[in-house]
Amino acid sequence: MPVPPAMAAIEASVFPVALVDGSRFELLGIQPGGSWRQLLYWVPAMGIPARHYLPLAEALAAHGVAMVVHEWRGIGSSNRRASRTCNWGYRELLQLDLPAGMAAVRERWPQAACWLGGHSLGGQLGSLYASLHPAELAGLVLVASGAPYWRRFRHGWLIGAAYALAPLLAGLLGHLPGRRIGFGGNEARGVIDDWARTGRTGRYAAVGMAQDFEQQLASLQLPSLALRLRDDWLGPPASLEWLLGKLGPGERSVDVITPQDLGGPADHFGWMKVPAPIAARIATWIAAHDAAFTARSDTDA
């Protein structure tokens with residue numbers, strides 16, 4: 120049963136986050152007017168600025184769920200830009216940026232139940248963060264996401280070749296010129312190295328981090344919702360299955376979004392133009408799991 124839209128007006132917020140290494144970015148938030156208790160912290164796809172998810176945030180707020188959108192290092196409001204002299208990888212994203220963003224949210228709304236979600240690579244990084252900090256979160260939401268392992272794609276040999284060439288190009292130029300080649304943004308070579316390694320091996324790891332992410336993910340017991348876009352060649356069923364297969368025994372819900380649902384393309388980015396159906400599915404799922412999370416929090420306390 121769909122969650123009835125909230126009648127109160129929505130509210131917007133922008134607040135800066137400063138990190139110990141000097142980098143800065145802004146979080147974008149959309150909250151329902153009046154009282155609310157559910158918050159989705161959202162991690163964008165590679166190269167996509169936070170502002171592009173504001174329509175999704177507004178649609179969620181209409182269902183009574185607040186949403187805060189993370190900003191990738193090197194994109195949008197970030198004061199960093201990838202170059203030969205400015206580099207980072209998954210380690211900075213997982214140990215500095217995401218923890219700082221989450222801490223800012225907890226400080227601002229300490230009573231909110233926090234769900235972590237993401238689009239594409241954002242869903243992958245969200246899963247890795249959740250595996251490191253499961254007690255902070257109520258659950259995990261993945262949209263158009265999946266592991267990049269080349270064997271899980273049609274014409275996988277072409278994907279595998281890209282995973283070999285992208286780090287070489289990034290190393291040669293000092294960053295991956297994603298805007299020029301039509302893939303992602305201008306990405307730091309460290310991010311491309313970590314991403315391409317997972318694409319080649321099917322396993323998650325981050326340079327400079329000693330954690331065994333495969334073991335961490337296998338221990339994760341949070342409930343998860345995965346929404347796959349029917350015509351998404353960047354997130355095919357086998358790719359999503361590979362990612363979900365790494366997660367622990369938490370409850371999983373998988374749903375397929377079709378062109379009929381969206382009234383248009385059901386692909387990797389097309390859903391962002393008409394996010395209301397996605398927002399409705401997420402809000403309904405969160406509402407169904409809210410009571411379970413509340414009970415778990417009361418037990419932990």
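First residue of the sequence shown: 120, per the numbering used here; consecutive thereafter.
The beta carbon of each residue, even a glycine, is placed where N, CA and C say it ideally should be.
Looking only at its own chain, which residues have a Cβ that is under 6 Å from the Cβ of residue i, when we skip the five neighbours before and after it?
i      : result
Val421 : Examination of residue 421 is not possible in this model, given that the chain is present from 120 through 420 alone.
Gly242 : Leu261 and Ser264
Ser196 : Phe144, Glu145 and Glu190
Ala219 : Val136 and Leu138
Ala357 : Arg271
The beta strand (DSSP E) with residue i in it runs from where to where?
i      : result
Leu159 : Gln157 to Val162
Ile194 : Looking at the DSSP string, Ile194 is not in any beta strand (DSSP E), and its letter there is neither H nor E.
According to DSSP, is residue i helix, strand or coil?
i      : result
Phe332 : helix
Val224 : helix
Ala398 : helix
Pro378 : helix
Leu346 : strand
Ile129 : strand
Met120 : At Met120, the pLDDT of 38 sits below 50, so the modelled position is not reliable and the matter cannot be decided from this model.
Ala169 : helix
Ser202 : coil
Using CA atoms only, rank isn't needed, just tell me which of the options is closest to residue i.
i      : options                           : result
Leu179 : Ile401, His408 and Ser372         : Ile401
Leu215 : Cys233, Tyr248, Ser196 and Pro396 : Tyr248
Thr403 : Ala289, Ala164 and Ala181         : Ala181
Ser154 : Ile405, Gly237 and Ala128         : Ala128
His408 : Gly383, Asp380 and Gly369         : Gly369
Ser250 : Phe302, Val375, Ala385 and Leu213 : Leu213
Gly364 : Ala385, Tyr323 and Asp350         : Tyr323
Asp386 : His238, Thr204 and Leu291         : His238
Val326 : Asp313, Gly297, Thr320 and Gln334 : Asp313
Gln340 : Gly141, Tyr172 and Ser246         : Ser246
Where do the ends of the alpha helix (DSSP H) carrying residue i lie?
i      : result
Gly114 : Outside the displayed range of the chain (120 to 420) lies residue 114, so it cannot be described from this structure.
Gln105 : Nothing about residue 105 can be reported from this structure: the residues present for the chain run from 120 to 420 only.
Enumerate in chain order the residues of its own chain whose CB-to-CB distance from residue i is below 8 Å, with the five nearest sequence positions on each side excluded.
i      : result
Ala329 : none
Ser372 : Pro342, Ser343, Leu344, Ala345 and Trp404
So, at 7 Å on beta carbons, what are the nonlocal neighbours of residue i in its own chain, with the 5 sequence-adjacent residues on each side left out?
i      : result
Pro124 : Residue confidence is low: Pro124 scores 47 on pLDDT, short of 50, so the model does not pin down where it sits. No coordinate-derived value is stated.
Given 8 Å as the limit, is there contact between the stretch 389–403 and the stretch 337–356, that is, 3 or more CB pairs closer than that? yes
Examine the Cβ distances between the stretch 303–310 and the stretch 202–222 and report whether three or more of them are shorter than 8 Å. yes
I'd like to know if the stretch 251–260 and the stretch 224–234 are in contact, where contact means that at least 3 CB-CB pairs between them fall below 8 Å. Cβ pair count under 8 Å is three or more, so yes.
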